[in-house]
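Protein chains in written order, with the working numbering: chain W, 79 to 608; chain A, 5 to 377; chain C, 2 to 445. Ideal placement from N, C-alpha and C gives every residue a C-beta, glycine not left out. Remember, it's a predicted structure, so these values are computed and weren't measured experimentally. Worksheet for the structure shown next.
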Amino acid sequence: MSLISTLARLEAVSTGRAQPAATVRHRHLSDRPLVFVPLITAGEAGAPLGALVGTDRDAPRLLVVPQPRDRDLRFAFLAELADVVLPYVDAYAEVVEAAERTETDPETGKRVKVEVDLCADAPQLIVPSRAGIELVRLLGRSMRFRRTAEQDPEAPYPAPPRVPLLGRWLTHFGERARVPGSSLLLAMTDVLGRHWATGQSTLEDQHLGALLAWIDPPEGLTGAEAALRAELERDAQGQLTCPPAGPATDPAFDNKLLAPAIERYDRARTALAAAEDGLEADDRLGALTAAEREIRDLVLSRTLPTWEKVWQGLDLLRELPVGAHVEERWTRDRWSFTGHRDRVLAGEPPQPRRDDAVTAANKLATREREQARLEAQEALDDPLVMAGRRLSGEAFAGEVTDVVMAYSEGKRPSPRPLVTVRTDDRPHLGERTKVYRSLGGKPQSAEFVGAEEDGASVVLRILDKMGRGKEPEPGSVPEKGDRVCFTLFEHEQRGGAKLPDPEETPWTHGGPPGEATLEAADPVTAEDVL
Amino acid sequence: MPPPRTRGTALRHRLAELRGPDVPAKALDARALAALAANPGCARRAILDGAGVNKAALASALGSPSAFGQSQFALTRGNAFEAKVKADGGAELLRLVHEKLDRTAEPPAEARVPDLTATGPQGRTARTALELREAAAHPGAWTLLDHPMLALDVAGSPAFLEPDAVVVHPDGSWTVVEIKSFPLLDGSADPAKVGAAARQAAVYVLALEELAARVDPSPRVRHRILLVCPRDFSNLPAASAVDIRKQRAVTARQLTRLTRIEDIAETLPEGTCFSPELPADELTAAVESVPATYAPECLSACELAFHCRGRSRETGAVTSLGRPVRAELGGLTTVEDVLAAARGEAGDPGDPAVAALRRAAALRAEALEAACR
Amino acid sequence: MTTLFDPSAAAAQATDAILHDTLHGTARGVVVDSPPGAGKSTLVVRAALELAEAGHPLMVVAQTNAQVDDLVLRLAEKKPELPVGRLHSSDADPYDKALDGLENVRKSAKAADLAGLAVVISTAAKWAHVKADEPWRYAIVDEAYQMRSDALLAVAGLFERALFVGDPGQLDPFSIVGSEQWAGLTYDPSASAVTTLLAHNPDLPQHRLPVSWRLPASAAPLVSDAFYPYTPFRSGTGHGDRRLSFAVPPDGSGPDRVIDEAAESGWGLLELPARHTPRTDPEAVRAVATVVRRLLDRGGAATSERSPDPTPLTADRIAVGTAHRDQAAAVRAALADLGVTDVVVDTANRLQGREYDVTVVLHPLSGRPDATAFHLETGRLCVLASRHRHACVVVCRAGVSDLLDDHPSTEPVQLGTVVKFPDGWEANHAVLAHLAEHRVSWQP
């Protein structure tokens, strides 16, 4: 943890309120995000208990699995979820704009520009916490290999029609969320934690209620008091007044409220099945409906507080001005979304269970590049982030005290002005270290020439972005008295080397993975839980 | 004439006093081991666990009840899965042990599954030891011990441990089996949960090694244990071998260090007692007489965490914000000291921690001011 | 009576077997584990020359530009007439200027310009951009344990077979983003190249160089036990073969006493009083600088098997190792205050592969309130403890042993990955226990 963020946390302790950890918003927020607040059943591998989902803060859709061990009821839940999520996704898939992309021409092998469709906007899923992202992945994994009756008439327990497709989309969202700086799928606790420093530990920040308590404490309470209340306060029935943001539920809720309700539901169902005539069945159906209603009310009571907190978090984030590079990163999310849309449309099979060697290496390379890009862009967009880089010696800011014109040697001398910058920062500069500053949104590079005697001034040689002429273009060289900020890290990321195609995987990595075969669905057994 | 008191019995007596009259010692269970792993340096945890104090009851008596609980859904599911794995005389379980750990051995067509029932932990431990010796008399056979009981010497008193199963291979070696209900999805599982299972299994391995050392010739206790979990989204068992040498080495060292509870006990005032029957203020004083090293990781490992967190926050300890926070603060340990140093009100500017704090504070202020403009 | 260990014979035997497998074996790959100072570079140069002599066009993959330039220089020194290509990047100053003086070394940023040369050498990063119609028959991959699996994936299509050489005990490659999702896969892109190679080709011949020519007899057993328990090695020299002596008698201070202890036994621990400090602990930094200053002032002379006469212990034969860059910078500043400017001070990462007579190490855990995975990494300590030919002085605050014991052991476990054992925690304890026998407590 950098000292700057440590200080922010300590100030939060001392003032009783969260302190800014960013001065701009570093993540894209959709005008119409889809908020998803899921709950699961303890002890089962991703067996959903229920969820609140939707784009309308005032009208969330409540989905409930009254008996989570029942396969049909789970499928009904997933089908309902598909009915909410897929139309939302489709709405973005349909609106496109023309864009250019560089591709390798398969015949000439040359890099050529081609015009392609790019979705004008992309969907955005918001879950309360990091565990929610894991659940999105798990649900995606559990659904994408399922077979519908249409795909495979022999399939035992066929899945409802759109469920495998939902699985593919959730998998894509979950995978994209691993890319640094991406915003297709966000966890509210992560985004809030990026922008505010609370007076508690990052572990405790995983509790959405406690985190919000620090950022926006209720009237009359300090953040610490409000957070403690959010974590521990229980009502007369022994239930947490601020239920966990899920997907796991509080054991006290499971044992005291949910288990008896599910038991009543099971009994009502058995009774209905045993009904001997229509009249009795009607009665017992009424009892079953009541039992189901009871479970729905319970699920709603545990998800609604979280639902409201997620929207409260969105309100708080929207108050921050958006960072300058956020739009550019969102465009990458749009490319990612468009790419997956195209793969689905092209009839490609679902994402495999495991990446092959080349895909894994490509993903790792992309994520490393995006991480470096994110770190650079956040610093350029936000003086508070840059302050951290300055503190660690990776950047420095100061005033230009002298500019001496100089030229490169050679036939056509180009301008290489020497600029002296007075700074209180302590950058890790060595001989000919390259440094960069942002000039009209583009990086201008310079190299370190030397430090003045007192160590408080550094001399730099400007290397580029001064035009083609012998004299630098106006405004391209800092002037005496200018405030400048140089970084030791690059502002833009170079693309890495191209890896072989999967079918050319070398012997060191197991050779080609072989023909892509449609992966088999997970085996099912009568007592399967998902 | 009573027998002369040895060091061991003196300590045992002292620890019994700390627990309180007629309070039985609590076994060193998985939770206590998790707490040991999460915070081995905490003297408070060491003495309470060493004395077998029920920390959950203590936490409630202190007014900061622990938040640990188990959902009955998880419990039911876990038990059902374990029963399924062990069904048919453990045929599936032994098949997995053979497949994952001992492929060159004869496949377990049939296995000995001795009855381990006995009265009390001592009785069960003796029974388990007897059956393990008995298994040595059947070379070439597979033996499955279902819920054996093992004893491990912890700071002079025996702690009883109950692994899910121990398997004796045809070559006479022993394997610990852990059955967990978290899923093995496409061959991988939640690394935090696997880590916890590995640490738990390491303790069983150490206990088995103590036992093996008393058998002649000593059987080999395998350092790769078998973790059995539900496969993917089914309740079919899948297994993975886990190398626990690391966890074994660390736990062995930590357990030998538990002997320092004797030193801790000596520093306690005469008459100190942690019985939950005592009034809260007396109990608080008793608990406060042993220093704790609270860190946020305790919240998921120790029953006393909320109590210690409250104390840690009251004293303004920076560690309550996380262990990494201390890294650059040098000798400054409280929130107010750090802030005073950062504001330039206190601290030696020649101390690099203080100098760095002031630079950090200045840079932060400059950035926030720039953002406001 | 046991047979005497003949290091030269053992090393020669290993080298012969390696060269035989490389030149005449049928396997597509040969893996060589080389502990610190075991003659890895010598082996690489010799294998390159023999392959070239046999008429096999050879590509050599190293990990950094410095390593590439070093290999080119060594090759040219051994066989000046050999046509060598140095493939370099198109950045400014892409290679060591010393290469310009070598007649038969051609340098280019384009692989096509170097076609047909007996040996072409470059970094893995540069090779990844090369497209070849016809793969090289042979390759040598140097520092293969520091190469990431994905880097090997990018270049492995360029060669048919390869000799992989590296030191398994040094710092592992790392990734700046999480790669847990691939943990346990044989081709985990963030794993080391050798891990992936062997997972897919478990039957490749594996060799090890059994003798460290760098580490003295006082250091080899400790380093071997703590960091290479499954591939042990020995020192090429005996206890009496190396001597470090000083013309100026000790002044009784801590630094002088620890210098004498290290000269005598090969190890010295200068222990400062326990205290939590920031990374750039001024007292510890000053203590490191003082030890270096005294090493220079006391007229040190090193006697070794290399020459009958003692060699003066000059600044270029001493190095300081730290865990962090800011610590290195602080030590440099403290040394400058004492008038020392030409002693190398660097982090473990940058000291990998280098060798000195005496090293002074600021212990990675000195003064820390807690340990982190970074500080506990086995390779970091291994690098710091294995750079010296004569003696290693460690400067550390008291209390590190307790710090290690208080360190939480809650690491997650990924199924299917190979466990590194002993881990850093264990290795740190082993090294500390040994250093404790050579402790000089000092209150500056």
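Using a beta-carbon distance cut-off of less than 7 Å, what residues from the stretch 224-250 of chain A approach chain C?
S244, V246, D247, R249 and K250
Between the alpha carbons of A303 of chain C and S246 of chain C, how many angstroms are there, rounded?
7 Å
Rounded distance between the beta-carbons of L462 of chain W and P98 of chain W, thought under 8 Å:
7 Å
Check whether the Cβ of T196 of chain C lies closer than 9 Å to any Cβ atom in chain A.
no
Determine which residues of the stretch 54-86 of chain A have a Cβ less than 8 Å from any Cβ of chain W, and write them out in chain order.
A71, G73, Q74, S75, Q76, F77, A78, L79, T80, R81 and G82
Give the secondary structure of H17 of chain A by DSSP, where H, G and I count as helix, E and B as strand, and everything else as coil.
helix
How is F175 of chain C classed by DSSP in three states: helix, strand or coil?
coil
With H, G and I counted as helix, E and B as strand and the rest as coil, what does DSSP make of F155 of chain W?
helix
Same chain, Cβ closer than 6 Å to M483 of chain W, neighbours up to 5 away in sequence not counted:
P495
Other residues of its chain near F160 of chain C: CB distance less than 7 Å, five sequence neighbours each side excluded
M60, P136, W137, Y139 and A140
If you reduce the DSSP assignment to three classes, tell me which class L245 of chain C lands in.
strand
Under a CB-based cut-off of 9 Å, is D332 of chain W close to chain A?
yes
How many Å lie between A12 of chain C and R203 of chain A at the Cα?
41 Å
Residues of chain C with CB closer than 7 Å to the CB of G334 of chain A, please, in chain order.
H277, T278 and P279
Chain W beta carbons: is any one of them nearer than 9 Å to that of D190 of chain A?
yes
C-beta neighbour in chain C for Q204 of chain A, strict 9 Å:
no
Comparing alpha-carbon positions, which option in W:Q522, W:A171, W:L244 and W:I211 lies nearest R419 of chain W?
W:A171
Can you tell me whether F375 of chain C is buried or exposed? The criterion is at least 16 other CB atoms within 10 Å of its CB, across all chains shown.
exposed
Simplified DSSP state of V156 of chain C, which is helix, strand or coil
helix
Listed by chain order, chain W residues near V178 of chain C by CB distance under 9 Å
R256, V257, P258, L442, R445, E446, E448 and Q449
Closest Cβ-Cβ distance between E582 of chain W and chain C: below 9 Å?
yes
With 9 Å as the threshold, decide whether the Cβ of A95 of chain A is near any Cβ in chain C.
no
Can you list the residues of chain W that G326 of chain A reaches, using a CB-CB cut of under 8 Å?
M79, S279, T280 and L281
Local conformation of G269 of chain C per DSSP, three classes:
strand
Who are the Cβ neighbours of E266 of chain A in its own chain at under 6 Å, not counting the five residues just before and after it?
L15
Got a sec: is the Cβ-Cβ distance from R510 of chain W to anything in chain A below 9 Å?
no
Cα separation between G314 of chain A and E301 of chain A?
14 Å
Simplified DSSP assignment, three categories, for A366 of chain A:
helix
With a threshold of 7 Å on Cβ separation, who are the neighbours of E307 of chain A within its own chain once the five nearest residues in sequence on each side are excluded?
K59, A60, A63, S70 and F72
C-beta contact flag for A233 of chain W and A599 of chain W at 9 Å
yes
Considering only C-alpha positions, which residue in the set A:V342, A:G93 and A:L188 is nearest to A169 of chain A?
A:G93
If you draw a straight line from the alpha carbon of T411 of chain C to that of H430 of chain C, how long is it in whole angstroms?
18 Å
Write down every uninterrupted run of the alpha helix (DSSP H) in the stretch 325-382 of chain C whose length is 4 residues or greater and which is fully enclosed by it, in chain order.
326-338, 349-352 and 374-377
Using C-beta distances below 6 Å, list every residue in its chain close to G351 of chain A, excluding the 5 sequence neighbours before and after it, in chain order.
A345 and V358
May I ask which residues mark the beginning and end of the alpha helix (DSSP H) holding C563 of chain W?
Where C563 of chain W is concerned, there is no enclosing alpha helix (DSSP H), although the beta strand (DSSP E) it sits in stretches over R561 to T565.
Does any CB atom of chain C fall closer than 9 Å to the CB of G301 of chain W?
no
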